[in-house]
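Undergrad:
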Amino acid sequence: MDSVVRGLIVYVFLLIVFRISGRRTLSEATTFDLVLLLIISETTQQAMVDNDHSITNAFLLIITLVGASLVLLTVKAKFPAVSRWLDGLPVVVVRDGRLEREQMSRLRVDEDDVLEAARMLHGLERMEQIKHAVVERDGAISIVPRDKSSA
Amino acid sequence: MAGALVVALALIGLLGPGPLSSTKVSSPDGVISAEYQKYTRNQARREILLRISGAAICDGALRLSVSRNFSRTVSIESIHPEPRETVAGRDHLTYVFPVAGAAGVEVKLRFEPDRLGPHEYVIAAGNGSQIRLSTFVLP
Chain A
21 MDSVVRGLIV
31 YVFLLIVFRI
41 SGRRTLSEAT
51 TFDLVLLLII
61 SETTQQAMVD
71 NDHSITNAFL
81 LIITLVGASL
91 VLLTVKAKFP
101 AVSRWLDGLP
111 VVVVRDGRLE
121 REQMSRLRVD
131 EDDVLEAARM
141 LHGLERMEQI
151 KHAVVERDGA
161 ISIVPRDKSS
171 A
Chain B
40 MAGALVVALA
50 LIGLLGPGPL
60 SSTKVSSPDG
70 VISAEYQKYT
80 RNQARREILL
90 RISGAAICDG
100 ALRLSVSRNF
110 SRTVSIESIH
120 PEPRETVAGR
130 DHLTYVFPVA
140 GAAGVEVKLR
150 FEPDRLGPHE
160 YVIAAGNGSQ
170 IRLSTFVLP
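First to last, the sequence lines map onto chains A and B.
Those letters in the first sequence? Residues 21 to 171, per the numbering used here, in order.
Those letters in the second sequence? Residues 40 to 178, per the numbering used here, in order.
1. Beta carbon of Val154 of chain A: closer than 7 Å to some heavy atom of the ligand ZN?
2. Less than 8 Å between CB atoms is the rule here; does Gln82 of chain B satisfy it with respect to chain A?
3. Can you tell me where the alpha helix (DSSP H) holding Pro100 of chain A begins and where it ends?
4. Quick one: what's got a C-beta closer than 7 Å to Asp68 of chain B's C-beta in the same chain, skipping five residues either side?
5. Using a beta-carbon distance cut-off of less than 7 Å, what residues from the segment 140 to 167 of chain B approach chain A?
6. Examine the Cβ distances between the segment 142 to 162 of chain B and the segment 44 to 58 of chain B and report whether three or more of them are shorter than 8 Å.
7. Along the alpha helix (DSSP H) that carries Arg39 of chain A, what are the first and last residues, could you check?
8. Output the boundary residues of the alpha helix (DSSP H) element that contains Gln65 of chain A.
9. What residue does the beta strand (DSSP E) around His158 of chain B start on, and which one ends it?
10. Who are the neighbours of Val46 of chain B on chain A, taking C-beta pairs under 9 Å?
11. Going by Cα to Cα distance, which pick from B:Ala94, B:Ala141, B:Arg171 and B:Arg80 is closest to Val38 of chain B?
12. I'd like to know whether the C-beta of His73 of chain A is nearer than 8 Å to at least one C-beta of chain B.
13. Tell me the rounded alpha-carbon separation between Tyr78 of chain B and Leu93 of chain A.
14. Sort B:Ile87, B:Leu103, B:Thr133 and B:Asn166 by Cα distance to Pro152 of chain B and report the nearest one.
15. Alpha helix (DSSP H) containing Glu131 of chain A: first to last residue?
16. Going by DSSP in three states, Val91 of chain A sits in which element: helix, strand or coil?
17. In the DSSP assignment, find the alpha helix (DSSP H) that holds Val176 of chain B and state where it starts and stops.
18. With distances taken Cα to Cα, identify the nearest neighbour of Gly128 of chain B among B:Arg102, B:Arg84 and B:Leu177.
19. Less than 8 Å separating the beta-carbons of Gly143 of chain B and Ser92 of chain B?
20. Since Ile118 of chain B and Tyr134 of chain B should fall inside the 8 Å C-beta cutoff, what is the C-beta to C-beta distance between them, to a whole number of angstroms?
21. Comparing the C-beta of Ile29 of chain A with each C-beta of chain B, is any distance below 8 Å?
22. Could you tell me whether any Cβ in chain B is nearer than 8 Å to the Cβ of Met21 of chain A?
23. Identify the residues that DSSP records as bridge partners of Gln179 of chain B: which are they?
24. Can you say whether His142 of chain A is buried or exposed, counting buried as having 16 or more other CB atoms within 10 angstroms of its CB?
25. Gln82 of chain B and His73 of chain A look like a contact to me (Cβ under 8 Å); what is the Cβ gap, rounded to whole Å?
Listed below in structure tokens is the structure:
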């Protein structure tokens with residue numbers, strides 16, 4: 021019983037923490053973010069496994085976490101409002117070449133992040149070449165380039 | 040479906056600690072009793088809480104005998120309170136605890152199972168009262 025309860029508590033806690041910290045937390049890949057994720061992973065493992073190193077405990081935790089994930093998927097499919105709250109919606113941060121500063125501030129995205137995505141995805145160099153930029157639900161930034169004819 | 044069944048079994052205590060696993064046994068005369076988890080897992084720390092009444096105390100000491108197979112099938116982490124001495128018998132280990140007064144005593148055995156499968160242990164107090172503990176160790 022303790023394995024299932026611990027697994028569920030940790031799963032729900034991480035869900036809430038990462039929801040609050042924002043979608044960019046998981047998409048960013050700086051060295052510090054990687055270190056943070058490694059530490060969280062280690063801490064989580066200790067909390068869930070505790071001092072029970074049996075195979076049964078490992079299997080129970082895996083089944084609990086996979087089961088919780090499946091239940092969450094089902095709930096999100098049945099209740100779109102839950103999906104919107106948990107995953108959010110894509111947010112436009114550059115519209116017709118104009119920076120949406122308020123949205124950018126809320127999502128902790130700056131101009132450098134948008135330009136980085138533009139370079140990596142389309143080889144674009146300047147903000148003027150970007151028509152739209154959208155922060156997707158997973159925190160990644162997608163770019164719609166401006167037509168060459170109108171750039 | 041199978042996963043849900045496994046989780047349900049775990050929640051009710053058939054795959055480890057839980058409502059169906061929590062067990063309490065007492066000797067017929069009520070001198071010694073134990074609370075423990077019937078279903079446990081290999082190398083998972085567990086405890087047996089023993090309560091022994093003053094009737095088992097003699098000359099300021101409590102003698103507690105534990106069947107030999109206990110020390111053969113588990114790794115004992117700690118015994119609280121710590122016994123003054125441990126006496127090895129042919130088929131049991133006897134722990135001697137100094138006791139102040141004639142009130143009852145609580146002894147906590149903390150251990151990790153080492154062997155899988157069913158096990159039965161006999162724990163006896165100094166006056167001969169004894170209890171049988173049945174456990175099943177899962178992998």
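C-beta atoms are modelled at their ideal positions from N, C-alpha and C, and glycine is treated no differently.
TA: Let's see:
1. Among the ligands in the structure shown, none appear at all, so the ligand ZN cannot be discussed.
2. yes
3. That run of the alpha helix (DSSP H) goes Pro100 to Asp107.
4. Ser168
5. none
6. no
7. Looking at the DSSP string, the run of the alpha helix (DSSP H) that includes Arg39 of chain A is Asp22 to Ser41.
8. Thr51 to Val69
9. Gly156 to Ala164
10. Val24, Leu80, Ile83, Thr84 and Gly87
11. The structure shown has nothing for residue 38 of chain B, since chain B only spans 40 to 178.
12. yes
13. 33 Å
14. Cα-wise, what sits closest to Pro152 of chain B is B:Ile87.
15. Glu131 to His142
16. Three-state result, Val91 of chain A: helix.
17. Going by DSSP, Val176 of chain B is part of no alpha helix (DSSP H) but of the beta strand (DSSP E) stretching over Gln169 to Leu177.
18. Checked all of B:Arg102, B:Arg84 and B:Leu177; the closest Cα to Gly128 of chain B is B:Arg102.
19. Yes, these two residues count as a Cβ contact at 8 Å.
20. 7 Å
21. no
22. At a cut-off of 8 Å between C-beta atoms, Met21 of chain A counts as an interface residue with respect to chain B.
23. Summary: the structure shown does not reach residue 179 of chain B, with chain B confined to residues 40 through 178, and so no result is reported for it.
24. exposed
25. Between Gln82 of chain B and His73 of chain A a beta carbon distance of about 5 Å is seen, short of the 8 Å cut, so the two are scored as contacting.
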